[in-house]
Amino acid sequence: MKDEIIREVYQVLEGRRDHPIDSYTSRIMQDDDKKKAEDKILEKIGEEAAEVIIASKNDENLVYESADLIFHTLLLLVYKGVDLDELYQEFERRRG
Ligand SMILES: N=c1c2ncn([C@@H]3O[C@H](COP(=O)(O)OP(=O)(O)OP(=O)(O)O)[C@@H](O)[C@H]3O)c2ncn1[C@@H]1O[C@H](COP(=O)(O)O)[C@@H](O)[C@H]1O
46 MKDEIIREVY QVLEGRRDHP IDSYTSRIMQ DDDKKKAEDK ILEKIGEEAA EVIIASKNDE
106 NLVYESADLI FHTLLLLVYK GVDLDELYQE FERRRG
């Protein structure tokens, strides 16, 4: 089990943002002729939040859908240029 998996994924996403390739995450972080990148990511966060609610009520796929929601929230932070350590520092701050 790699505790640093979140940081590893975050760094990959920063690469996808700065050096786009033909992939899901590069594509969603690029504005297209129909929708701004931010709106596409926010739409996915809404969808994934709904899927977490359904997974919880059905007691199935909760880990899978939670990972989708957390992933898309991390994708938003990457897209907005937030450093992962800012998020970690906020959780540390909440520990009091
Ligand atoms: N962790 C993820 C990850 N989690 C979810 N997703 C994508 O998020 C999308 C979720 O959309 P959907 O919910 O429609 O897809 P779904 O979950 O299969 O279907 P449902 O939830 O609708 O049932 C899918 O296309 C998933 O592939 C992810 N895409 C990428 N990553 C990581 O990001 C890296 C870079 O990804 P790419 O740039 O796409 O190679 C990957 O190597 C992974 O480490």
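So the number in this note's numbering is just where the residue sits in the sequence shown, counting from 1, plus 45.
We put the beta carbon where it would ideally sit given N, CA and C, even for glycine.
Residues near residue i by beta carbon distance below 7 Å, same chain, minus five either side
i, result
"residue 117", "86, 89, 90 and 93"
"residue 76", "82"
"residue 55", "119, 123 and 129"
Helix, strand or coil at residue i according to DSSP, with G and I counted as helix
i, result
"residue 50", "helix"
"residue 71", "helix"
"residue 103", "helix"
"residue 139", "helix"
"residue 91", "helix"
"residue 64", "coil"
Integer Cβ distance of residue i from residue j, believed to fall under 8 Å
i, j, result
"residue 110", "residue 97", "5 Å"
"residue 58", "residue 121", "The Cβ separation is near 10 Å, so there is no contact."
"residue 62", "residue 68", "Rounded, the Cβ-Cβ distance is 11 Å, inconsistent with contact."
8 Å Cβ shell around residue i - same chain, five flanking residues per side excluded
i, result
"residue 52", "129"
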